[in-house]
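For the record, the sequence lines run as chains X and S.
Residues 1 to 118, numbered by our numbering, are exactly what the first sequence covers, in order.
Residues 1 to 112, numbered by our numbering, are exactly what the second sequence covers, in order.
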Amino acid sequence: DTEVTQTPKHLVMGMTNKKSLKCEQHMGHRAMYWYKQKAKKPPELMFVYSYEKLSINESVPSRFSPECPNSSLLNLHLHALQPEDSALYLCASSQERRGQGRRNTEAFFGQGTRLTVV
Amino acid sequence: KQEVTQIPAALSVPEGENLVLNCSFTDSAIYNLQWFRQDPGKGLTSLLLIQSSQREQTSGRLNASLDKSSGRSTLYIAASQPGDSATYLCAASGGGADGLTFGKGTHLIIQP
C-alpha cells in the first residue's frame, strides 16, 4: 500500500474561519511533508516532520499551523487565511532511516486538498 | 540553494513517438532524483526514483537516467500514448527529511 490519503478533497472557507486539512499514511514512513501548489507552478515545501517533530518550517505565516499527532497522521490547521492562500495543498511521506547511512527514499504524495479562500 | 530546471516547458507530439524530457539541477550533492506525473488538479504520482549511486531506472515504457557530474537527468518515454498527456515534474532531494526541490515541469500533450 503506497497510499497517502488527504481529506477533504475540496474546501471553501471564509477569511475568519478555522479549518483543518488532514493527511494519513500507513506505510510506516517517519517523514511527512506539507507542500503548497499554486496554479501552473511546481509544489513548494512548507513544513517537514521527522519522527513526529517539526524539522523544517519554510518561513510559512503563522496562520498555517502544522501538527503531527502520531507517525501516521499529519494535520494542517488554518486560521484567518487570505484569498492568496487559495491553492492545492499536498501532503507527502517518505521513509527516513537514521543511523543506517540511508536517508529518505521515495516520496509518495496524496491527491491534495483544493482550498479556496473567499 | 538547489535549483531545478526542466526543458522543454511544453511539448506536443503525435501518438507513437519516442520522446525525451530534460531536467537539470545546480547542486550535484543530491541524494536522489524523482520523476512525477501530475494530471490537472490532481496530486503527484511517482514514476521513477533514481538514487545518487544509480545511473538509470526503468519502468515499462519509461526510462530515467541520472548524470550527477553534469547535473542532468532525462526521462525517456517510448511509444507515447494519449494517456501519457500530463505534466511531468522532476524533483531533487538532498537527503535527510529535507523535502524535494521541484522543476517547473514539462506539460506534455500526445495527439491521437
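C-beta: ideal position from N, C-alpha, C; glycine also.
If one requires a minimum length of 3 residues, the beta strand (DSSP E) runs lying completely within the stretch 30-83 of chain X are 31-37, 44-50, 53-57, 64-70 and 73-79, in chain order. Residue pairing by DSSP places V118(X) in no beta bridge whatsoever. When DSSP reads this structure, E56(S) sits in a beta bridge with S65(S). Here P112(S) carries a coil assignment [DSSP, helix/strand/coil]. The C-alpha of R30(X) lies about 33 angstroms from the C-alpha of S85(S).
In the three-state reduction of the DSSP assignment, P82(S) falls in the helix class, which pools H, G and I.
Linking Q38(S) to G105(S) through their CA atoms gives a straight-line distance of about 9 angstroms. Linking I56(X) to V48(X) through their CA atoms gives a straight-line distance of about 5 angstroms. Where Q6(S) is concerned, the enclosing beta strand (DSSP E) starts and stops at V4 to I7. Within chain X, the C-beta atoms nearer than 9 angstroms to that of S46(S) come from T2, E106, A107, F108 and F109, in chain order. Interface with chain X (8 angstroms Cβ-Cβ cutoff): Q34(S) is included. Spanning the alpha carbons of S59(X) and P40(S) requires a straight line of approximately 28 angstroms. Shown in chain order are the members of the stretch 73-89 of chain S whose Cβ falls below 7 angstroms from a Cβ of chain X: L89. Residues of chain X with a Cβ closer than 7 angstroms to the Cβ of K68(S) do not exist, since the nearest Cβ in that chain sits about 16 angstroms away. CA-to-CA, the gap between P83(X) and F64(X) works out to about 14 angstroms.
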